[in-house]
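K.L.:
Before I ask anything, here is the structure I am working with.
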Amino acid sequence: MTEQHEPCLICERVTLSRNGQNPYFIHEFEHSIFVIGDHQFHRGYSLILLKKHIRELHELPPPIQSALFQEVMLAGQAIVNAFSPWKMNYACYGNSEPHIHWHLFPRYESDPDRQGIPWLHSIRIQTPFDYSSNSAESRTKSQTAFIVTD
Numbered sequence: 001m002t003e004q005h006e007p008c009l010i011c012e013r014v015t016l017s018r019n020g021q022n023p024y025f026i027h028e029f030e031h032s033i034f035v036i037g038d039h040q041f042h043r044g045y046s047l048i049l050l051k052k053h054i055r056e057l058h059e060l061p062p063p064i065q066s067a068l069f070q071e072v073m074l075a076g077q078a079i080v081n082a083f084s085p086w087k088m089n090y091a092c093y094g095n096s097e098p099h100i101h102w103h104l105f106p107r108y109e110s111d112p113d114r115q116g117i118p119w120l121h122s123i124r125i126q127t128p129f130d131y132s133s134n135s136a137e138s139r140t141k142s143q144t145a146f147i148v149t150d
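Here this note's numbering is used: position 131 in the sequence shown is 131, and no number is missing along the way.
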């Protein structure tokens, strides 16, 4: 398994969530934390953060791979229930933050580039972590939808 040698933003976010200090926290699963994303360019954008600091999906034991994928699907369904998007996009890269995490992008028919990649506007969303009312609304809607589907 990957050893952690540098400070990790995702580990920090997991710790904040476990300590009740992450205002974007939605739900804790067995292997991951479900949070609203820092920006809401795509309304309802969320992440699944693996609790353990592991860099690569293939480093997870197969049962945890399956369980993590199930957690991603449950989070995706909560977003669909809360926001009724036209399409859901899922991405797991880890290039900038080498810690397993999934990006969940709800896409809407009203998106001007809904058939393009969700990172198309990434230069417009590189802003500091903010606790805007839009993000709070997204968090509340996702939490409520998750409670209904859990």
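Glycine is no exception: its CB is placed at the ideal position from the N, C-alpha and C atoms.
As the structure is a prediction and not an experimental result, all values here were calculated from the model.
Assign proline 98 to one of three DSSP states: helix, strand, or coil.
P.N.:
One-based indexing of the sequence shown puts residue 98 at position 98. Three-state DSSP puts proline 98 in coil, outside helix and strand.
K.L.:
When DSSP labels each residue in this structure, what does isoleucine 33 get in the three-state scheme?
P.N.:
Start at 1 with the first residue of the sequence shown, and residue 33 comes out as number 33. If DSSP states are grouped into helix, strand and coil, isoleucine 33 belongs with the strands.
K.L.:
Mind reading off the beta-carbon distance from histidine 101 to isoleucine 10? Whole number of angstroms is fine, and I expect it under 8 Å.
P.N.:
In the sequence shown, residue 101 corresponds to position 101, counting from 1. In the sequence shown, residue 10 corresponds to position 10, counting from 1. Right, the Cβ-Cβ distance comes to about 6 Å (below 8 Å), so this counts as a contact.
K.L.:
Secondary structure at isoleucine 48, three-state DSSP: helix, strand or coil?
P.N.:
What you label residue 48 is simply residue 48 of the sequence shown in a count that begins at 1. Residue state, collapsed to three classes: strand.
K.L.:
Return the CA-CA distance between arginine 107 and phenylalanine 41, expressed in angstroms with no decimal places.
P.N.:
Counting from 1 along the sequence shown, the entry for residue 107 is found at position 107. Counting from 1 along the sequence shown, the entry for residue 41 is found at position 41. Their backbone Cα atoms lie some 10 Å apart in a straight line.
K.L.:
In three-state terms, what does DSSP make of leucine 104?
P.N.:
If you number the sequence shown from 1, residue 104 lands on position 104. Strand, per DSSP.
K.L.:
State the DSSP-derived secondary structure class of phenylalanine 25, mapped to helix, strand or coil.
P.N.:
For the purposes of this step, residue 25 is taken as residue 25 along the sequence shown, with counting starting at 1. Three-state result, phenylalanine 25: strand.
K.L.:
Can you grab the Cα-Cα spacing for the pair arginine 13 / serine 84, in whole Å?
P.N.:
Looking up residue 13 in the sequence shown gives position 13. Looking up residue 84 in the sequence shown gives position 84. Cα to Cα, arginine 13 sits roughly 27 Å from serine 84.
K.L.:
Under a Cβ-count criterion, where at least 16 other Cβ atoms within 10 Å of its own Cβ denotes burial, should alanine 82 be classed as buried or exposed?
P.N.:
For this step, residue 82 is matched to residue 82 along the sequence shown. Result: buried.
K.L.:
Considering only the alpha carbon of each residue, which of Ile117, Glu109, Asn89 and Arg114 lies closest to leucine 47?
P.N.:
Looking up residue 47 in the sequence shown gives position 47. Leucine 47 has its Cα closest to that of Asn89, out of Ile117, Glu109, Asn89 and Arg114.
K.L.:
Would you identify the three-state DSSP class for asparagine 81, choosing helix, strand or coil?
P.N.:
One-based indexing of the sequence shown puts residue 81 at position 81. Correct three-state label for asparagine 81: helix.
K.L.:
Going straight from the alpha carbon of glycine 44 to that of proline 98, what length do you get?
P.N.:
Stepping through the sequence shown from its first residue, residue 44 is reached at position 44. Stepping through the sequence shown from its first residue, residue 98 is reached at position 98. Going from the Cα of glycine 44 to the Cα of proline 98 covers about 23 Å.
K.L.:
I need the straight-line Cα distance from tyrosine 93 to isoleucine 54, nearest angstrom please.
P.N.:
Locating residue 93 in the sequence shown gives position 93, counting from the first residue. Locating residue 54 in the sequence shown gives position 54, counting from the first residue. Answer to the nearest angstrom: the Cα atoms are 13 Å apart.
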